[in-house]
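Asker: Below is one structure. I have some questions about it.
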Amino acid sequence: MLKPVPLFIGLRYVAARRRQQFISFINGFSLVGMALGVLALIVVTSVMNGFDREMKTRILSVVPHGFVEREGGLQNWQDVAKKLEQQPHVEAASPFVRGFALVSAYGDSHGVQFQGVEPDALRNVSEVGESMIMGSLDELQPRSYRIVLGRILARQLNVLPGESVILTLPQVSVTPAGIFPRTKRFTVAGVFSAGAQVDQNIALMNIEDAARLMRMPGKVQGLQLRFDDMDNALGRLPLYANELGEGFSGEDWSQSQGNLFQAVKMEKTVVTLLLMIIVAVAAFNIVSALVLMVADKRSDIAVLRTLGLTSRQIMAVFVVQGSAIGLIGAFSGAILGVLIALNLTEMVTWVENLLGVKIFDPRVFFVSYLPSEFRMGDAVVVLTAAICMSLLATVFPAWRAAQIEPAEALRYE
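Position in the sequence shown (first residue = 1) + 658 = my numbering.
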C-alpha cells in the first residue's frame, strides 16, 4: 500500500468508478476545463508576443532606436555624431530636423510628422531605403522640395511620385494682406512601405528643406541613433545626452513610440486576465466535484476516522484528490499549448493552403501570416496561476470533510 495513506486514498478517489459516474464526469470536466484554459492562455500570449515582435521589428526598421536633441539646434553635428558613435552599443548617428504638419492633396488632408534627413547618413540608422516601393531617397536633394511618403498615406491622398502635395505648418505668416498659415508645395519623390503604422504618419524630406520650414537654416535639431540591439537603447540615451553637455536631451524608441507599445502591452494583459476566467471556472468545477465527493463519502470518512486517521489526514485526502485533477489538467494543457505555440504559424499556413483561403490578406493587414513567439516566462506564469487556483479550490471541501464527526455519519448506517 502506498504511503502516506492520504496520498494513496486521494489518488484512488481520482480514478473513475461505476457507481460514481456523475462525480467522475465532473472530475473529467474539471480536468479538461483546466487543460483548455492553460492551453488557450499559452497560445494567445504567444500570438500577442508574435504581433508585438512584428510591430517592433517593422517600426524600428524605419524609426531609429533613439534620438539626441539640443535645445536651440545644433550646428557642429558631425563632432557630436563622432562622440556618440564611440559610446557602447551605438553603431551609427544621423542628423534630423522634425516637425508636424498637415499634408493635403486632391481635397484630402492628414496630419503627419515630417522628418528632414540626410539620405546617405539615414541609410546607416534606418532601413527605409530598402523599404522603398516607388522612387528613391537619393531624390531628396537640397532645395528640391521633394518628399517621400508612407504607403498608407500616399494611398489616402491618392498621389504617386511626380505629383504635388501641400504641407501646412502649425505656424502663421504675417503679411500686409493679413495673417495666413504657412504652406509649402512639395513634389512626391517616392513611397516606402514598412508594413506598420509608420506608413500612415511619417513623411521624409531633405534636411535643408526641413530646416527652412522650421526657420532654423544651417542647424539640425539633433541626431538619431542606431544601436547594435534595440533593447540596448533602453535607458541609455539620457546618460549619453548628459555626457554631451548642457542643453542635450535623449529619448529611446520606448518613449518616442511608447503609446503604441503600451497599448499592445495593455491589450495583452487584458486578454490574459479574461482568458484566466476559463482557468477559474475549471477551479470552481474542482470545488463542485470535491463537495459532491465529500457528501458521497461521509460514511467512508467516518470509518477512516475510527481507524485512526486524524482530521488533518482526512483533509489531506481531498487536497490530494483536487490537486491531482488540477495538476494533470494544467500540465496537459501546458504541454499541448507549448507544442501548438511553437508550430502555430506553420499550422495556420497549412490550413490556408488546404482550404485555399488567406486569413491575413496583406492588402488589409500589416502581416500576411499569424506570428507566434513562445516565451517560457509566460508559460511559467500561466502554469503557476493554474496550480495555485487548483490548490485553493481544494481548501473548503477538504475542510468540510475534516469536520465530519464519525458518530453523526454512522448513526443511520
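Even for Gly, the Cβ is constructed at its ideal location relative to N, Cα and C.
(1) Mind reading off the beta-carbon distance from Arg-804 to Ala-869? Whole number of angstroms is fine, and I expect it under 8 Å.
(2) May I have the straight-line CA-CA distance separating Val-922 from Arg-963, to the nearest angstrom?
(3) How about Ser-822 and Arg-843: are their beta carbons less than 8 Å apart?
(4) Rounded to whole angstroms, how far is the Cβ of Val-806 from the Cβ of Gly-793, which I believe are closer than 8 Å?
(5) Between Ala-940 and Asp-766, what straight-line distance do the alpha-carbon atoms span, to the nearest angstrom?
(6) Using three-state DSSP, classify Thr-968 as helix, strand or coil.
(7) Got a sec? Which residues, its chain only, sit under 7 Å from Ser-912 by beta carbon, not counting five neighbours each side?
(8) Quick one: give me the first and last residue of the alpha helix (DSSP H) that Gln-913 is part of.
(9) Count the other C-beta atoms from every protein chain shown that fall within 10 angstroms of the C-beta of Lys-714, then say buried if there are 16 or more, exposed otherwise.
(10) Pull up the distance between the alpha-carbon of Thr-927 and that of Ala-759, whole angstroms please.
(11) Rounded to a whole number of angstroms, what is the C-alpha to C-alpha distance between Ser-1030 and Ser-946?
(12) In chain order, what residues of the same chain have a beta carbon less than 6 Å from the beta carbon of Asp-710, not counting five sequence neighbours either side?
(13) Report the option in Glu-909, Leu-897, Phe-976, Leu-795 whose CA atom is closest to the CA atom of Pro-664.
(14) In the segment 914-985, which residue ranges form an unbroken alpha helix (DSSP H) of at least 4 residues, counting only runs that do not cross its ends?
(15) Identify every run of the alpha helix (DSSP H) within the segment 745-773, keeping only runs that are complete inside it and at least 4 residues long; order them along the chain.
(16) With the cut-off set at 8 Å, would you say Val-696 and Gly-1035 are in Cβ contact?
(17) Rounded to a whole number of angstroms, what is the C-alpha to C-alpha distance between Val-1074 and Phe-1032?
(18) The beta strand (DSSP E) that contains Gly-793, what's its start and end?
(19) Which of the three DSSP states is assigned to Asn-864 in this structure?
(20) Tell me whether Met-924 is buried or exposed, calling it buried when 16 or more other Cβ atoms sit within 10 Å of its Cβ.
(21) Need the endpoints of the beta strand (DSSP E) that Gly-808 sits in, please.
(22) Once you ignore the five residues that flank Val-783 on each side, which residues in its own chain have a CB closer than 6 Å to its CB?
(23) From Met-659 to Phe-989, what does the alpha carbon distance come to, in whole angstroms?
(24) Assign Ala-669 to one of three DSSP states: helix, strand, or coil.
(25) Taking only three categories from DSSP, how would you classify Phe-885?
(26) In whole angstroms, give me the CA-to-CA distance for Phe-683 and Met-951.
(27) For Ala-854, which option in Val-949, Leu-994, Gln-915 has the closest C-alpha, if you only look at C-alpha atoms?
(28) Between which two residues does the beta strand (DSSP E) containing Phe-725 stretch?
(29) Less than 8 Å between C-beta atoms, sequence neighbours within five positions excluded: which residues of the same chain meet that for Val-817?
(30) Indicate the three-state DSSP secondary structure (helix, strand or coil) for Thr-1042 in the structure shown.
(31) Hey, would you say Val-878 sits closer than 8 Å to Val-786, going by beta carbons?
(32) In whole angstroms, what is the alpha-carbon distance linking Val-755 and Ile-865?
(33) Quick one: grab the DSSP three-state call for Gln-799.
Answerer: Taking the structure as given:
(1) That belief does not hold up - the Cβ atoms of Arg-804 and Ala-869 are roughly 15 Å apart, past 8 Å.
(2) When rounded, the distance between both Cα atoms is 55 Å.
(3) Yes, Cβ-Cβ distance for Ser-822 and Arg-843 is below 8 Å.
(4) At roughly 7 Å, the Cβ-Cβ gap stays under 8 Å, so Val-806 and Gly-793 are in contact.
(5) Rounded to whole angstroms, Ala-940 to Asp-766 spans 53 Å at the Cα level.
(6) Thr-968: coil per DSSP, three-state reduction.
(7) Only Leu-892, Phe-919 meet the Cβ criterion.
(8) Per DSSP, Gln-913 belongs to the alpha helix (DSSP H) from 911-914.
(9) That one is buried.
(10) About 35 Å.
(11) So the alpha carbons of these two residues sit roughly 36 Å apart.
(12) Within the same chain, Cβ atoms closer than 6 Å to the Cβ of Asp-710 are found at Val-922, the five residues on either side in sequence being excluded.
(13) Nearest option by C-alpha distance: Phe-976.
(14) DSSP runs (the alpha helix (DSSP H)) wholly in the segment 914-985: 916-954, 956-964.
(15) With a minimum length of 4 residues, there is no unbroken run of alpha helix (DSSP H) contained wholly in the segment 745-773.
(16) Not a contact, by the Cβ cut-off of 8 Å.
(17) Because residue 1074 is not part of the residues shown, which for the chain are 659 to 1071, the question remains open.
(18) Gly-793 -> beta strand (DSSP E) spans 790-793.
(19) It is a strand residue.
(20) Counting Cβ neighbours within 10 Å, Met-924 comes out exposed, since fewer than 16 surround it.
(21) First-last of the beta strand (DSSP E) with Gly-808: 804-808.
(22) Once the five neighbours on either side are set aside, the close Cβ partners of Val-783 are Pro-722, Ala-750, Ser-752, Gln-882, Arg-884.
(23) Interpretation of Met-659 is limited by its pLDDT of 46, a score under 50 that renders its predicted location unreliable; the figure taken from the coordinates is listed afterwards. A straight line joining the alpha-carbon of Met-659 with that of Phe-989 spans about 26 Å.
(24) First, the amino acid is wrong: residue 669 is Leu here, not Ala. If DSSP states are grouped into helix, strand and coil, Leu-669 belongs with the helices.
(25) Taken through DSSP and simplified to helix, strand or coil, Phe-885 comes out as strand.
(26) Their Cα atoms are separated by approximately 12 Å.
(27) Among Val-949, Leu-994, Gln-915, the Cα nearest to that of Ala-854 belongs to Gln-915.
(28) 724-732 is the extent of the beta strand (DSSP E) around Phe-725.
(29) Ala-763, Tyr-764, Leu-807, Val-823, Val-846, listed in sequence order.
(30) Three-state DSSP puts Thr-1042 in a helix.
(31) In this structure, Val-786 does not lie closer than 8 Å to Val-878 by Cβ.
(32) Val-755 and Ile-865: Cα-Cα distance of roughly 6 Å.
(33) Three-state DSSP puts Gln-799 in coil, outside helix and strand.
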